[in-house]
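Numbering (full-length UniProt numbering), first residue to last: 1 to 604.
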């Protein structure tokens, strides 16, 4: 079983011995920052909003909302414009409801709710219930299963009858990729994994990397996917890829058979470190293989989004995509990775991540995750105070550019998000295009956040974001992440409205294309820079703890020059050549090649 390249990008710096077992970039649509104090800029923005109402009503609504918040001119015209855009969005909502487009209706409803207005006679729960009724009609059992916990000891072994029954619901996924020619000799190219049925209609789950050749636009060879049933392993049954998610390494397949057994989805929240689990799959193509072990660790950050379980159940080539079940036979996780040279060190995707994206997988096509086009890190002033995510950088021209660099986000739509992981988990609930309300603390006007310069690092801030602002006194003088980085300024409680965008597969490549090399150094390597006089000469003002720069010995006060920076797609990495004088190296002249992968868990 091989680990996918996208997963390897995240964990290679931590686990250098990793061996691959388990095997569209959308540009921000927002314009550059608007000067809401300039009458002509406001008039141009009003015209731009009107031009968007027909094609992009939600974006028009958000921009009209910002005009009402930030502009002090032409108030009457702006209020009229906001009502016009709001009316257009409500009509779109009504049309989505009338035609049963429940996912779109939920997106619009949540956007209106974030702005303080909801359509009459509707609640989010009513929309979810209507969507579930549609799933029942289509017999999508996995989408309507009750995830309530079952009684029973967490370490009780499943009965032999349960094991025999559930093993009939696990299949071998077999991908025929034709022939590979090496040194003039041809050999069969096959990818073997496992999968398991989740409803009576023949839908089954496996890993994305197992069927990647079926949907990867860059793959130009032959590819056909089949499954082999446990009661007839010699027959190849054609299957079709319905939906896939390269971030979570999951895929949904469909076959035209009625499975004898299908699995119910449990909840990995039932599991604790030491809980006994069972893995079913086809290691090395050997069907109906059962192995057991325990949960060794939880919340391992090996994916770009979300966390995974570490398990010690024996995992081998062919186990990819097989279920991890509990004592009741419910799926608690999906096998996706193992370390070849480290026996007993294996990983599984929690079933909650599958539950989260399953409606999108059933809808078909690639699952696109939402993001704010930002980079940041968790901060907490003290154990007694709320934590949050310090925004260090936003992609130029993105919707989140209204949030100043150094701001600490503590709530999303009123829900507390005390860490970067919590913020990412909450964002994963929303689809792209949704408007959300963010709350937190911003640096005051009198003092700037560290390196808050469009020409160097930080957020390309547009509006002053001055609505509903309350200055917060802090007896300790603490300023969250800024003080931790050696800076201090008065905090201001703030709200911001942002439209979520489509997360690219490789965020760092977007940063590389959109920004100057100097600004890109912050999200790529965790370095805050200020100009040292020359065009390519800079001085480091801060280094984010735990970042690439921190782990390679850079510190505040170091001097550096950026010589070259380039993306190497074959390695899926950004390489940068710098000349530097580092304090920890006695300021000796040094030329260094540094590199980072095109994705990491600090983007949100």
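No residue lacks a Cβ here, since even glycine has one placed at the ideal position from N, Cα and C.
For residue 210, the closest of 236, 241, 232 by C-alpha to C-alpha distance is 241.
In this structure, the beta-carbon distance from residue 108 to residue 196 does not fall below 9 Å. In the DSSP secondary-structure assignment, residue 324 is bridged to 279, 333. In the three-state scheme derived from DSSP, where H, G and I count as helix and E and B as strand, residue 498 is classed as strand. Listed in chain order, the non-local C-beta contacts of residue 233 below 6 Å within the same chain comprise 287, local neighbours out to five positions each way being set aside. The three-state secondary structure of residue 57, taken from DSSP, is helix. In the same chain as residue 588, and ignoring 5 residues on each side of it, no C-beta atom comes closer than 6 Å to its own. Within the segment 338-382, the complete beta strand (DSSP E) segments at least 3 residues long are 346-350, 374-380, listed from N- to C-terminus. For residue 203, the three-state secondary structure derived from DSSP is strand. Between the segment 125-145 and the segment 94-107, the count of C-beta pairs closer than 8 Å reaches three or more; the two stretches touch. Excluding the 5 residues flanking it on each side, residue 550 has same chain C-beta neighbours closer than 7 Å at 526, 543, 544, in chain order.
Here the segment 496-507 lies against the segment 425-443, with 3 or more beta-carbon pairs under 8 Å apart. Boundaries of the beta strand (DSSP E) around residue 411: 408-412.
Pairing residue 206 with residue 320 gives a Cβ-Cβ distance under 9 Å.
The beta-carbon distance between residue 417 and residue 409, rounded to whole angstroms, is 7 Å. This is short enough to meet the 8 Å contact definition. For residue 423, the secondary structure class from DSSP, reduced to helix, strand or coil, is helix. In summary, residue 364 is exposed, with fewer than 16 beta-carbon neighbours lying within 10 Å of its beta-carbon over all protein chains present. DSSP places residue 102 within a helical segment (H, G or I) once states are collapsed to three. Looking at the DSSP output, residue 187 bridges to 180. Residue state for residue 244 is assigned as strand, using DSSP reduced to three classes. In this structure, DSSP gives residue 230 a state outside helix and strand, which the three-state scheme calls coil. Distance between residue 289 and residue 553, taken at the CA atoms: about 47 Å. In the displayed model, residue 109 falls within a helix according to three-state DSSP. Boundaries of the beta strand (DSSP E) harbouring residue 577: 573-581, taken from the DSSP string. Taken atom to atom, the span from the alpha-carbon of residue 313 to that of residue 347 is near 9 Å. Listed as beta-bridge partners of residue 238 by DSSP are 226. DSSP, read as helix, strand or coil, puts residue 167 in helix. DSSP, read as helix, strand or coil, puts residue 508 in helix. A straight line joining the alpha-carbon of residue 345 with that of residue 62 spans about 47 Å. Under the three-state reduction of DSSP output, residue 269 falls in the helix class. The criterion of a C-beta distance shorter than 9 Å is not satisfied by residue 257 and residue 174. According to DSSP, residue 439 shares a beta bridge with 411, 495. Counting the other CB atoms within 10 Å of its CB gives residue 443 a total of 16 or more, which places it among the buried residues. The DSSP-derived three-state label of residue 35 is coil. Residue pairing of residue 595 in beta bridges, as defined by DSSP: 575.
Three or more Cβ pairs closer than 8 Å define a contact, and the segment 252-266 falls short of that threshold against the segment 185-193.
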